[in-house]
DNA sequence: ATATATATTATTATATACAAAAAACATTAT
DNA sequence: ATAATGTTTTTTGTATATAATAATATATAT
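Residue numbers (the working numbering), protein chains in the order written: chain A, 2 to 228; chain B, 2 to 228.
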């Protein structure tokens, strides 16, 4: 009964508002829509071939997600993201990454550890080959597995939003961004702590990992004379 | 030039969608709208004397805030809040309260410490007088000051959402909720750590404070045979 | 009686219409 | 030329209309 046809093409309906929401969100995160840029309903609507209604609903959601600022009766703008903003984000993220990793130390399965090692190996390969996009992708996946292993949905949701902000910041300010080899060792430490099922060690190294990321960003901001 | 008239009554315009959003949110948090309850657009619209448009936009925001679940083309329901959900929330909150308090230890001003002590005194008074509503209010204010003193906007935003969830959980499951005298001592410890400007002590006692809250909730759930 | 098919109704999704406010522009007075 | 005022245009906010889907009720066949 449950062949391919009954599995596929069932729940693939997406409201226009969702499509618009995802499109705009991606555009903001990838820097195609720049901070401060005005979001005009009619303009966006005709550009995407829809009416104002789904555009407005999408903007409402972006507003709550903090990617868009609204002034009633004036309009919507792409939210600014200051250095202070991202420092706030990283301060929280360091803490929550520590939490996620310490929880994962107790809750991660053997399969997930295997998966983690696998991703890490691919990460190393991309780094060796200077493939930035690849290494970024594997870095994201690496942390995805850890968050997932924390078995805390709320934590996953919050950190995913925080990572989004960091990604956005990089695109806006740090066009010369690159993944350093140091990260390999830091990830190794994390894996070791997880295998050892040592929560406090896991917390420590994960927190250190984000703090180093923060330092890297600050260093890069200084080199670019931004701060 | 800048008399009362120019200060008051200037920016007091609020879009209907915001009014509806706040109304519905309050209703959900205070348990007037129960988990699983259907939110029907026309129904809500005519109950509040507006058209469907602002109601829909409000629902979009509630959706992103996690207070409402949507199934496309089916409708919106008040989000469920399971015991597991709230355990997740408290796990994160313990961590972030620790962070906020440790940051506050370095950043809080003398005035803010004075404010904190003041609120705490009033909190004690309400506890002594068995005034639950009063003590809850002062408890909230107490933590507000600490979050504010962390000087981390992102942290303030996230924790405010988490506290909202805890509040909601209490209303749904713990109608017999009460503030115990133990909290007085825990708050005292927090104040002391802040005065001493001792971040790690501050983190420790704040985290302990939330963990105790978690225990209280679990105990109460057991007494009520919910878990 | 139960299951299946069909018609009816209710509800959401999207588009459009209209009203109110803000912004842009032009006009006049100084 | 500049500021103040009035007019037009643009844009947002809200209401309504239409289309499509889901839910419900009804009828029919087995």
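Beta carbons: idealized from backbone N, C-alpha and C, even for Gly. Owing to the predicted nature of the structure, the values given are computational and were not obtained by experimental measurement.
Helix, strand or coil at residue i [DSSP, three-state]
i: residue 39/A; result: strand
i: residue 7/B; result: Confidence is the limiting factor: at residue 7/B the pLDDT is only 40, short of 50, which leaves the residue's position unreliable, though a coordinate-based value still follows. Correct three-state label for residue 7/B: helix.
i: residue 195/A; result: helix
i: residue 149/B; result: helix
i: residue 206/A; result: helix
i: residue 110/A; result: coil
i: residue 16/B; result: coil
i: residue 103/B; result: helix
i: residue 49/B; result: coil
i: residue 165/B; result: helix
i: residue 135/B; result: helix
i: residue 26/B; result: helix
i: residue 31/A; result: coil
i: residue 175/A; result: coil
i: residue 83/A; result: coil
i: residue 181/B; result: coil
i: residue 126/B; result: helix
i: residue 2/A; result: Only weak support exists for where residue 2/A lies, its pLDDT of 36 falling under 50; the coordinates are left without a value.
i: residue 155/A; result: helix
i: residue 226/B; result: coil
For residue i: DSSP bridge partner residues
i: residue 78/B; result: 39/B and 70/B
Inter-residue Cα distance where the pair is residue i and residue j
i: residue 169/A; j: residue 142/B; result: 33 Å
i: residue 42/A; j: residue 57/A; result: 7 Å
i: residue 162/A; j: residue 65/A; result: 12 Å
i: residue 219/B; j: residue 83/B; result: 13 Å
i: residue 198/A; j: residue 109/A; result: 9 Å
i: residue 62/B; j: residue 26/B; result: 10 Å
i: residue 48/A; j: residue 70/B; result: 29 Å
i: residue 5/A; j: residue 75/B; result: For residue 5/A, the predicted structure reports a pLDDT of 41, less than 50, and the residue's modelled location is therefore unreliable. The matter cannot be settled from this model.
i: residue 138/B; j: residue 147/A; result: 37 Å
i: residue 177/A; j: residue 120/A; result: 24 Å
i: residue 77/A; j: residue 60/A; result: 8 Å
i: residue 181/B; j: residue 129/B; result: 10 Å
i: residue 52/A; j: residue 31/A; result: 25 Å
i: residue 135/A; j: residue 183/B; result: 53 Å
i: residue 192/B; j: residue 117/B; result: 8 Å
i: residue 127/B; j: residue 104/A; result: 37 Å
i: residue 68/B; j: residue 216/B; result: 25 Å
i: residue 159/A; j: residue 100/B; result: 15 Å
i: residue 21/B; j: residue 19/A; result: 21 Å
i: residue 131/B; j: residue 179/B; result: 9 Å
i: residue 46/A; j: residue 122/B; result: 55 Å
i: residue 13/B; j: residue 28/A; result: 33 Å
i: residue 149/A; j: residue 202/A; result: 19 Å
i: residue 175/B; j: residue 164/B; result: 15 Å
Supposed close pair residue i, residue j - CB separation, criterion 8 Å
i: residue 98/B; j: residue 207/B; result: 5 Å
i: residue 114/B; j: residue 195/B; result: 6 Å
i: residue 89/B; j: residue 156/A; result: 7 Å
i: residue 166/B; j: residue 102/B; result: That pair is no contact at about 20 Å.
i: residue 73/A; j: residue 16/B; result: 5 Å
i: residue 80/B; j: residue 211/B; result: That belief does not hold up - the Cβ atoms of residue 80/B and residue 211/B are roughly 22 Å apart, past 8 Å.
i: residue 187/B; j: residue 213/B; result: 7 Å
i: residue 92/A; j: residue 107/B; result: That pair is no contact at about 12 Å.
i: residue 36/B; j: residue 173/B; result: 6 Å
For the segment 92-120 of chain B, which residues have a CB atom closer than 7 Å to at least one CB atom of chain A, in sequence order? 92, 93, 96, 97 and 100: these are the residues of the segment 92-120 of chain B whose beta carbon lies less than 7 Å from some beta carbon of chain A, given in chain order.
Residues, ordered as in the chain, of the segment 140-157 of chain B that lie near chain A by beta-carbon distance below 8 Å: When CB distances to chain A are screened at a threshold of 8 Å, the residues of the segment 140-157 of chain B falling below it are 153, 154, 155 and 156, in chain order.
Could you list the residues in the segment 31-57 of chain B with a C-beta less than 9 Å from some C-beta on chain A, going in chain order? Within the segment 31-57 of chain B, contact with chain A at the beta-carbon level (separation under 9 Å) is assigned to 54 and 57.
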